[in-house]
Structure formats: C-alpha cells, structure tokens
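Taking it in order: structure first as structure tokens, then the write-up.
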Amino acid sequence: MVAGTIQVEMLESDIALLTLDLPDKSANVLSVQVLDELAAALDELEEQSGLAGLIVCSGKPGTFIAGADLREFAASLDAPPEQITALCRRGQELFSRLSKGPWVSVAAIDGVCLGGGAELACWCDRRVMSDAARTQIGFPEVKLGLFPAWGGTARAPRMIGLANAIELITTGESLGTRAALAMGLADDVAPPDQLMAAAVRLVRDEQQTRRYLRDRQSWQEPVAMDETELGFLGATASAAIRQQTKGQYPAPLIALELLLEAAGCDVWQACQLEAGQMPKLFGSPINRALLNVFFLTDRIKKDRGVDGPPLATREIRSVGVIGAGIMGRGIAAANIKRGVPVVVTDASADALAAGASEILREVSYRKETGRADVDRAVELAPLLNTCRTDQELAGCDLVVEAVVENADVKRKVLQRIEPLLRGEAVLASNTSTITISSLAAGLQRPDQFCGIHFFNPVRQMQLVEVIRGRQTSDQTVATAVAYAKRVGKLPIVVHDGPGFLVNRLLFPYMNESLELVCAGVPLEQIEKAAKGFGMPMGPLTLYDVVGLDTAFYAGRTMWEAFPDRIVASPLLPAMVKAGRLGQKSGAGFFRYDPGQKQGRADPDFQVLADRYTRERREYSLEQITMRLFLPMLLEATRILQEQIVRDARDIDLGLIYGLGFPAFRGGLLFWADTEGAERILEWLRPFEGLGTRLRPTELLREMAASGGKFYQQTRRAS
Ligand code: NAI
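The numbering used here runs 807 ahead of the 1-based position in the sequence shown.
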C-alpha cells in the first residue's frame, strides 16, 4: 500500500497546491492507488468554496510524472477487453475533472512529464514548464506498442492542432520546454525556482481574462479541419509511419486512424473511441514484447553489476584512453560530454592530432544546428588532454586501452602502463575478441583489470559489455559498471570467453548467411529474410559495412574457439584476396558506387561465389529466417548453460542494444519463450543433418521436456 502520495495545501488564501510525491521512489508514476488518491483530493477541492486556482506539481526534483505504473500494466496484460476499456474510461473521467472544476487548474512542470503524466497535465487548463534541460513533455506510449488512452488522443489535437498531435503521439518523441511553448503545449516558461510564482501568475491572469473558460468550451468541440485537409494529413502521416515502422509496429497507425476518426467528434465521444480502441493493442504480443524491453532496460539501469550487499565503488574523476583511433576517439568524446576529463595518448602523432580535432568536433556538435558550436568547443576543450608520453596517464582513476586488436601489442601496452598508475586505479581493455584473462597475464594487479567493451559508433550505441576476467574483483566490476552508467551507457556484465556475449551471438548468424550463399540462396533473399524478421540490415550488408577483412580476422577467433559449429567458410578469405572488402573498397557482397552506402547486385560477385557454391537448393523465406536465427538461439542456450551471463535477460538486452535485434520481438530468448521450446525443436528438425550448429542443445531439450522458460533460468552469482 502506497501511503500519502498526494498532499494538498494552500499556497495562497484562494490557491491550492496539489503535490504528487510517491514515497520511497525516485520518480512519480501513476498507479491505481495514486489515481484513487487523486480522486479523493479532487472530491474535496471541488467542494471547497472560494478557490480561484489549483496548481498541480511534483515533490520530486527532476520528475513531474514519469508515466503510468508499468508493473501494474504488466500484471493486467491478460485482462478482458471490457476491463481495459473501463481502465481507460476511469483515467479519462478522473483527469477531465481538472478541466471542469470551479477553479483554473495549472500544471507546474519541472523535469520529465511523460505518458499518463502528460495526459494529466494536458487536462489542466494551463501548463507552465521549467527551463531546465531535463524538462520535457511527451507521449511515448507507442514505444510500448500503445497510445495515450487517458484522454491524450482526445485532448491534445483540440489544444495544439491535429497535425501536431499526430506527430507527437505517433512518433512518441518528447518536446523540450521551448518546443512545447512554440507548439502551444506549454503556456509559460520559468526557471525551476520561479515555477510556482509563474503558476500563480497564470492563475491570476486567467482570473482576470477568463480565457480558460473559452478554451474549456472550444477544446470540447470537434477539431476544425475540412475533409481535404484531413485526407492530406492522413495520407502524409500514414506514409511517414509506414516508412518508419516498416509495418512491424502497429500502434502508430492505429493511433493515427483513431485521431483522424475522432477529429469529427466532440472530446467526450473522442474519449469513448480512444478507450474502445485500446483493447486492440493492450496485451497484444508486440505490447508484451516492448514492455519486456522496457523492463530489461530498467533492470540494467538499477543493476550494480555484482550480487550481494552494495560495494563501495572507486570514484572515476579522470580517464585515460590509449589509442586515438575510431574507438578511442568515441570513448574520449563520451567522457567529455559527461564532464569527465580525459587524457588521450597514441603511438602515432598524426593519429593523435586527427583524433583531438575529431573528439572536439563530436563533443561540440549541436543537433539543432547540425554543426559544431565554437563556444561549446572552447568550453569543453580543457577537459581534453592529448599527449605522446605515458606520464600524464599516471593521475587517471581509469585507463582504457583501445589500441589495435593484437594481443601482443595490447599486453605490452598494459604492462607498460600499469606500474605508472596509482594503487587503486582501474585498468581496462576495449578489445572485441581477445579474452581478458589472457591479457591479464603479466599484470601485477589482475584483480583491477577488466574489459570495458564499447560498441561502434560509441556516440550511438548505448551498450557496453563489462567483461569479468578470471581474476577481476567484484569491486573492479562494480566500478566499471558505475562508470559506464556515468558516461550514459547501459552496461551488462559478461564472463570472459571468446567473443564475450554479443560477438559470440553474432557469429553463428553471420556464419550461417555465408553457408546460405554457398547453398545457392540468392543474396537478396537472405537480406529480405533478416530484415523481415526485423533486423536493421541483412547479414551480408553488415559484412560489407564491417569490412570483410575485419570480419575474417574476428571470425578466426570464433572458428578456433568453436570449430564444431563455426564453419570456416572459404568464401570470406577468397573475397578478401579478391580485394572485395565491403563498402570501403567499393565492393563486397554488393557493389557500391562512389559515395553511396546503398549497395546493388554485382554480377562479378556471383562469378566468385559460384566457385564456392556446393549445392543449389530452394529455400522458403521462412526456412532462410530459421537458418539465420536458430543458430544464434542455440548459441544463446550454450551461453546460458556456461553461465557467461548472470541472467538470461542480459542476452536479450545485449542483442537489442548491441546488434539492433528487433525490439518488437522482445529479445531473442523472450521470442523463444513466446514460441515455446517444443516448437523450436520442430523448426530445427529439417536442419539437424547440417551439423552441430543446428542441432538442439541439452538446455533446449530440457526446456521442451519440462515446458520451462529461458527467463526462469536461475541467476548466476557474480
Ligand atoms: P584503430 O585502428 O582505428 O585505432 C587504433 C589506434 O591505436 C591507432 O590510432 C594506432 O595509432 C594506435 N596504436 C597502435 N599501437 C599503439 C601503441 N602501442 N600505443 C599507443 N597507440 C597505439 O582501431 P579501433 O577500431 O579504434 O579499435 C581499437 C580497439 O577497439 C581494438 O581492440 C578493437 O578490436 C576494439 N573495438 C573496435 C570496434 C570497431 O568497430 N572498430 C568495436 C569495438 C571494439
């Protein structure tokens, strides 16, 4: 039972202040209990005589209301349609009281105001938002496979216009204060410490002008728009959504249809339509999958990386990066953006100079203008220290090695740097394939050494694998995890082993695409199957992007480690030998015209591939899909058996954030759990003759026999 979330007090003799402050939580979320409390508070406020204004605010600095209580949502996913509709109606009726009461209502918003919180704010007569960078308002429900259904789709178009509402609701993107003001979603802006004064001013203004009464009336009416305009808006929005969602996420289109249909109704009929449509999405497989992704992410945000009682982590006040190449630059920039000073070194003076200017360009880039901001570069430049000698690294709390992927070079660098560091400093490698335990050999303090594997490009990829070598201490792991979060990443802790987690799962899939090519399957069919499953690009295009040479060398580690199931395809070295290195050389599996990232079919490749084509079999798209994803799934079951991860959910999170595995499937193991192990065994049956890589593992058989779920696998103690 959550007690005392809502407090009502008098701010002035005729202005009440309603404060939401969920006890023992860092953010306010709207649960049934909170809605009950709000109803009770409104009962009293509506009865109170002589009240001119009601201001709604949050007691939590940095959050107004983060949204609905998603754990409650998850618990009612199996609810019958009538119950879902009734739940929506309840919220609509409750929030709409804010636009009917005998006072002017004002939402005073500082921090995030999202989902149900934005709906509550929208039902207020007016909104004032703080100018803090953290303040934002939006309807992210489509990201969970839903749409706002506490009156959001009914109220927003009447307040800010249909086109704006369509954009906000179907994209799920939130707005900062300035954009909200320009759109008419906010009525005023104030610094956080003057928010209340601004809200009072709004009440007083409205008391005088009584404009809110006129708006109350007009925001109940149908949206003013003629049929032609409506048709045009619908067609353009629908085309944009189809392009964005590739037909794989139904919520934005359903929301669009709802918004268009309800435009001709009054707000109360629009609310009814909204509630009536919700059962189409709530509890659907995609809604369940996207909720799972939310919980996976939330779990990692709270995970400390080690089990047991909290450990004191070492504070990372400054970071050293060795190697100013692609990764070193990205890692340095990620630190500077979060205010962490960085020392960057490189054996090559040219690489260092080029790296420094690239780092400054990246940290000073402004999205709004699409270019680097000189003032920002000047402000952040003192956080970057580039140097050719090792001495400057001595004062760093953490040093990340990001030199070339060569075990001998890396070992030499690590052994040279370690003696210079303070006793408590942490040393890490960004290696993508070399085991951490093998790099630790020769170090004096292997317990203070781990992998911190960032993904490329660092600015876009949120995932970081923190790799625990055989001797890495809990404190080092916890420190690396806390540090990765500090620089804005989602860290998963992975036990040491070839390919760690993400690359180990990527290789069976990539490898299978080569096998399919050698089985005479047309390239475009392979790409289509992967994209149809939801991957952002096909495996052959991914080879071309990564570079065939890089893939070949990285692949070698995997062939050596798992010769029973990773086939050393002759096609890769043949392509490297022929200079077909992918996009960078203008040709790989596909041909790339100068300056083009989009490849086209290349008859020359076919000539080369024909030499390695062992058979010509007809495969259906579904069979190709299974051949690509089942080896990945089987590898995931081996990873679980070997306890490479602490929790099955880490596998799903790693794939979604590290490889772009489709979120609408909820993750690889979530997908497998949804389908059931028995069905997976059936899918595998026709391919078992192809070798170990497509034969059921012990764990999969066990799951099928017991009807168990991968998500129920017990956790590994760290
Ligand atoms: P890169 O080739 O772009 O940069 C390596 C840099 O290290 C170069 O500037 C080179 O001059 C410098 N260097 C070489 N030997 C050195 C030494 N002894 N002392 C100081 N500097 C030295 O390589 P990239 O792509 O940045 O990779 C670096 C590390 O990150 C590798 O271990 C790689 O496997 C890993 N990684 C790479 C990813 C990628 O997509 N490029 C993704 C994730 C990890």
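Glycine is no exception: its CB is placed at the ideal position from the N, C-alpha and C atoms. The structure presented is a predicted model; accordingly, all values stated were derived computationally and were not measured.
- prompt: Given P964, which residues of its chain have a CB within under 7 Å of its CB, disregarding the five upstream and five downstream residues?
  reply: Position 157 of the sequence shown, counted from the first residue, corresponds to residue 964. Same-chain partners within the cutoff: A972, V1030, L1066 and A1070.
- prompt: Is the stretch 832-841 touching the stretch 851-871 in the sense that three or more CB pairs, one from each, lie closer than 8 Å?
  reply: yes
task: Return the CA-CA distance between A1044 and T978, expressed in angstroms with no decimal places.
output: Taking the first residue of the sequence shown as 1, we reach residue 1044 at position 237. Taking the first residue of the sequence shown as 1, we reach residue 978 at position 171. Roughly 10 Å separates the two Cα atoms.
field: With 16 other Cβ atoms within 10 Å as the buried cut-off, status of F1602
entry: With the chain covering only 808 through 1525, there is no way to say anything about residue 1602.
- prompt: If you drop the 5 nearest sequence neighbours on each side, which residues of the same chain put their C-beta closer than 6 Å to that of R1372?
  reply: Start at 1 with the first residue of the sequence shown, and residue 1372 comes out as number 565. When the five nearest sequence neighbours on each side are left out, the beta carbons in the same chain lying within less than 6 Å of the beta carbon of R1372 are those of T1499 and R1500, in order along the chain.
message: I need the DSSP call for T1364, collapsed to helix, strand or coil.
response: On the sequence shown, residue 1364 is found 557 positions in, with the first residue counted as 1. Helix, per DSSP.
query: Would DSSP call V1185 helix, strand or coil?
result: By 1-based counting over the sequence shown, the position of residue 1185 is 378. In the structure shown, V1185 adopts helical secondary structure according to DSSP, grouped into three states.
query: Taking the runs of the alpha helix (DSSP H) that are 4 residues or longer, which of them lie wholly in the stretch 1198-1239?
result: 1214-1224
message: Could you give the first and the last residue of the continuous beta strand (DSSP E) run that contains F1256?
response: On the sequence shown, position 449 is the one that residue 1256 refers to. Looking at the DSSP string, the run of the beta strand (DSSP E) that includes F1256 is F1256 to F1261.
task: To the nearest angstrom, report how far apart A986 and R1445 are at their CA atoms.
output: As a first step, residue 986 must be located in the sequence shown, where it is residue number 179. As a first step, residue 1445 must be located in the sequence shown, where it is residue number 638. If I take the Cα positions, the gap works out to 49 Å.
- prompt: Thinking just about the alpha-carbon of each residue, which of L1250, S883, E1367 and T984 is nearest to the one in G1304?
  reply: Translated into positions along the sequence shown, residue 1304 becomes position 497. Taking only the C-alpha atoms, the option nearest G1304 is E1367.
query: For the beta strand (DSSP E) that contains P1538, what are its first and last residues?
result: With the chain represented from 808 up to 1525, any question about residue 1538 goes unanswered, as that position is not in the structure.
task: On a CA-only basis, which of L849, G1327, R1178 and L1323 is nearest P1346? Give me that one, please.
output: As a first step, residue 1346 is located in the sequence shown; it is residue number 539 there, counting from the start. Ranking L849, G1327, R1178 and L1323 by Cα distance to P1346 puts L1323 first.
- request: Going by DSSP, name the residue or residues bridged to T870.
  value: Counted from its first residue, the sequence shown places residue 870 at position 63. In the DSSP output, where bridge partners are listed per residue, T870 has V919.
- prompt: Less than 7 Å separating the beta-carbons of R1398 and R1407?
  reply: On the sequence shown, residue 1398 is found 591 positions in, with the first residue counted as 1. On the sequence shown, residue 1407 is found 600 positions in, with the first residue counted as 1. In this structure, R1407 lies closer than 7 Å to R1398 by Cβ.
message: Nearer than 6 Å: is that true of the beta carbon of D1197 relative to any heavy atom of the ligand NAI?
response: Within the sequence shown, numbered from 1, the residue matching residue 1197 stands at position 390. Not so, every heavy atom of the ligand NAI lies at least 6 Å from the Cβ.
task: Find out if the Cβ-Cβ distance for the pair P1057, I1048 is shorter than 7 Å.
output: In the sequence shown, the residue the question calls residue 1057 occupies position 250. In the sequence shown, the residue the question calls residue 1048 occupies position 241. No, Cβ-Cβ distance for P1057 and I1048 is not below 7 Å.
message: Determine whether the beta carbon atoms of N1099 and G1473 lie at a separation below 7 Å.
response: For the purposes of this step, residue 1099 is taken as residue 292 along the sequence shown, with counting starting at 1. For the purposes of this step, residue 1473 is taken as residue 666 along the sequence shown, with counting starting at 1. The answer is yes: Cβ separation under 7 Å.
task: Would you mind reading off the limits of the beta strand (DSSP E) that contains L1501?
output: For the purposes of this step, residue 1501 is identified with residue 694 of the sequence shown, where counting begins at 1. Neither: L1501 is in no beta strand (DSSP E) and is coded neither H nor E.
message: Does Y1518 come out as helix, strand or coil in the three-state DSSP assignment?
response: Indexing the sequence shown from 1 puts residue 1518 at position 711. In the structure shown, Y1518 sits in a helix (DSSP, three-state: H, G or I).
message: Does T1152 pass the burial test, meaning 16 or more other C-beta atoms within 10 Å, or should it be called exposed?
response: Locating residue 1152 in the sequence shown gives position 345, where the first residue counts as 1. When all chains shown are included, T1152 counts as buried.
query: Between L884 and the rest of its own chain, which residues show a CB-CB distance below 8 Å, the 5 nearest in sequence each way excluded?
result: The residue you call residue 884 lines up with position 77 of the sequence shown. Counting only Cβ-Cβ distances below 8 Å, and skipping sequence neighbours, we find F1089, G1090, N1094, R1095 and L1098.
query: Would G1389 pass as a contact of L1355 if the rule is Cβ separation under 7 Å?
result: Position 582 of the sequence shown, counted from the start, is the residue given in the question as residue 1389. Position 548 of the sequence shown, counted from the start, is the residue given in the question as residue 1355. Yes, Cβ-Cβ distance for G1389 and L1355 is below 7 Å.
query: To the nearest whole angstrom, what separates the beta carbons of A1557 and N1310, a pair I think is in contact under 8 Å?
result: In the structure as shown, the chain starts at 808 and stops at 1525, and residue 1557 therefore has no counterpart that could be examined.
Three-state class that DSSP yields for Q1247 in the structure shown: Residue numbering aside, residue 1247 sits at position 440 when the sequence shown is read from its first letter. Reading off the sequence shown, one finds Ala at residue 1247, where the question assumed Gln. Of the three classes helix, strand and coil, the one that applies to A1247 here is helix, per DSSP.
query: Who are the Cβ neighbours of F1494 in its own chain at under 8 Å, not counting the five residues just before and after it?
result: Residue 1494 sits at position 687 when you count from the first residue of the sequence shown. Here the set comprises M1433, R1434, L1437 and L1501.
query: Is the distance from the Cβ of W1581 to the Cβ of E980 below 7 Å?
result: Summary: the structure shown does not reach residue 1581, with the chain confined to residues 808 through 1525, and so no result is reported for it.
message: Only counting the same chain, and skipping five residues up and downstream in sequence, which positions put a Cβ closer than 7 Å to that of E1334?
response: Counted from its first residue, the sequence shown places residue 1334 at position 527. So the list reads G1345, L1347 and T1348, once near-sequence residues are dropped.
task: To the nearest angstrom, report how far apart V1216 and S1244 are at their CA atoms.
output: Indexing the sequence shown from 1 puts residue 1216 at position 409. Indexing the sequence shown from 1 puts residue 1244 at position 437. V1216 and S1244: Cα-Cα distance of roughly 15 Å.
- request: Verify the contact flag: N1192, CB atom, against every heavy atom of the ligand NAI, threshold strictly below 6 Å.
  value: Here residue 1192 corresponds to residue number 385 of the sequence shown, with the count starting at 1. It does not: the Cβ of N1192 is nowhere closer than 6 Å to a heavy atom of the ligand NAI.
Proximal residues to Q1535 (C-beta, below 6 Å), its chain only, five neighbours per side dropped: With the chain covering only 808 through 1525, there is no way to say anything about residue 1535.
message: With three or more C-beta pairs closer than 8 Å as the rule, is the stretch 1111-1118 touching the stretch 1275-1290?
response: yes
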